[in-house]
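Quick note: to get this note's numbering, add 116 to the position in the sequence shown (first position is 1).
Even glycine gets a Cβ: it sits at the ideal position worked out from N, Cα and C.
Here the structure is a predicted model, which means the values were calculated and not measured.
To keep things clear, I will list the structure first and then write my remarks on it.
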Amino acid sequence: MAEGSYHHGNLRAALLTRAEAVLAESGVAALSLRGLARDLGVSHAAPARHFRDRQAVLDALVTGGFTDLNRRLEEAVDGEGTVEARLAELGRVYVAFATERAALLGLMFTAKHEEDASPELDRLAHRSLDLAAGLVAEAQRAGAVRPGDPVRLAQVAFSTVHGLAALAVGGLLDDTPVDEATDLALEVLLAGLRAG
Numbered sequence: 117m118a119e120g121s122y123h124h125g126n127l128r129a130a131l132l133t134r135a136e137a138v139l140a141e142s143g144v145a146a147l148s149l150r151g152l153a154r155d156l157g158v159s160h161a162a163p164a165r166h167f168r169d170r171q172a173v174l175d176a177l178v179t180g181g182f183t184d185l186n187r188r189l190e191e192a193v194d195g196e197g198t199v200e201a202r203l204a205e206l207g208r209v210y211v212a213f214a215t216e217r218a219a220l221l222g223l224m225f226t227a228k229h230e231e232d233a234s235p236e237l238d239r240l241a242h243r244s245l246d247l248a249a250g251l252v253a254e255a256q257r258a259g260a261v262r263p264g265d266p267v268r269l270a271q272v273a274f275s276t277v278h279g280l281a282a283l284a285v286g287g288l289l290d291d292t293p294v295d296e297a298t299d300l301a302l303e304v305l306l307a308g309l310r311a312g
């Protein structure tokens, strides 16, 4: 196929999908607009219609990552079941995202802490914690979670599931399946959060 002869139905989405794959396979340093164009069989100029430079691709990946994570967490918060069941589901959803999209999550956390992070990114990045804190507050009102600052309790909960996900991604759970480790971690975490 001649370069530039391929017409892509949704090039922007294809560029982002391929960019995340490159990120996972080879890291940020390997990502380039020229490489993405080559991988997708489009002209070297085609990605410029959607992204001004490599940083714009990275920014879009981060924004999309937080948007997807927050959507998944919102579904867990708004789901069926007791407040404790929804807290556990929130943890499972986070571990699943963090293990399935580990490279992207690393990029998301890096971007979140950059000095020039946009207000939109700041809002998206804090939404996950806000969702968890809101559910913790609901659990406190129901008498299922001990008193305390819901944001701090949510931060501790996030640190627990994030740490578990990091161990899973690093291959440090030995022979323990990640689902089994997640269930055990959530059981211990929820026992520690219970009122009384």
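7 angstroms CB neighbourhood of residue i in its chain, flanking five on each side removed
{"i": "residue 244", "result": "185, 186 and 189"}
{"i": "residue 150", "result": "160"}
{"i": "residue 275", "result": "none"}
{"i": "residue 196", "result": "none"}
Whole-Å CB distance - residue i paired with residue j, under 8 angstroms assumed
{"i": "residue 174", "j": "residue 220", "result": "In fact, because the Cβ distance is near 10 angstroms, the residues do not count as touching under 8 angstroms."}
{"i": "residue 131", "j": "residue 147", "result": "Actually they do not touch by this definition, with Cβ atoms about 10 angstroms apart."}
{"i": "residue 218", "j": "residue 206", "result": "Their Cβ separation, rounded to whole angstroms, is 19 angstroms, which puts residue 218 and residue 206 out of contact at 8 angstroms."}
{"i": "residue 260", "j": "residue 311", "result": "6 angstroms"}
{"i": "residue 270", "j": "residue 252", "result": "5 angstroms"}
{"i": "residue 284", "j": "residue 215", "result": "5 angstroms"}
{"i": "residue 138", "j": "residue 223", "result": "In fact, because the Cβ distance is near 11 angstroms, the residues do not count as touching under 8 angstroms."}
{"i": "residue 309", "j": "residue 262", "result": "6 angstroms"}
Nonlocal neighbours in the same chain, by C-beta distance under 8 angstroms from residue i, ignoring five residues either side
{"i": "residue 122", "result": "Bear in mind that a pLDDT of 49 at residue 122, under 50, signals an unreliable position, so the number given afterwards is only what the model happens to contain. The answer, listed in chain order, is 156, 157 and 158."}
{"i": "residue 180", "result": "132"}
{"i": "residue 266", "result": "249, 250, 252, 253 and 256"}
{"i": "residue 134", "result": "152, 155 and 156"}
{"i": "residue 238", "result": "228"}
{"i": "residue 142", "result": "none"}
Run of the alpha helix (DSSP H) containing residue i, from where it starts to where it stops
{"i": "residue 144", "result": "Here residue 144 belongs to no alpha helix (DSSP H), and DSSP marks it neither H nor E."}
{"i": "residue 308", "result": "294 to 309"}
{"i": "residue 232", "result": "Neither: residue 232 is in no alpha helix (DSSP H) and is coded neither H nor E."}
{"i": "residue 126", "result": "Where residue 126 is concerned, there is no enclosing alpha helix (DSSP H), given that its DSSP letter is neither H nor E."}
{"i": "residue 161", "result": "Element bounds for residue 161: n/a, residue is neither H nor E."}
{"i": "residue 188", "result": "170 to 193"}
{"i": "residue 278", "result": "266 to 285"}
{"i": "residue 258", "result": "Note, residue 258: premise wrong, no alpha helix (DSSP H); not H, not E."}
{"i": "residue 207", "result": "199 to 216"}
Other residues of its chain near residue i: CB distance less than 6 angstroms, five sequence neighbours each side excluded
{"i": "residue 240", "result": "182"}
{"i": "residue 210", "result": "277"}
{"i": "residue 140", "result": "219"}
- Message: Using 8 angstroms as the cut-off, can you tell me whether the segment 244 to 258 makes contact with the segment 271 to 285, which would need three or more C-beta pairs spanning the two stretches below that distance?
- Response: yes
- Query: Just checking, does the segment 195 to 202 make contact with the segment 160 to 169 on the three C-beta pairs under 8 angstroms criterion?
  - Reply: no
- Three or more C-beta pairs closer than 8 angstroms, one from the segment 289 to 301 and one from the segment 227 to 237: is that the case here? no
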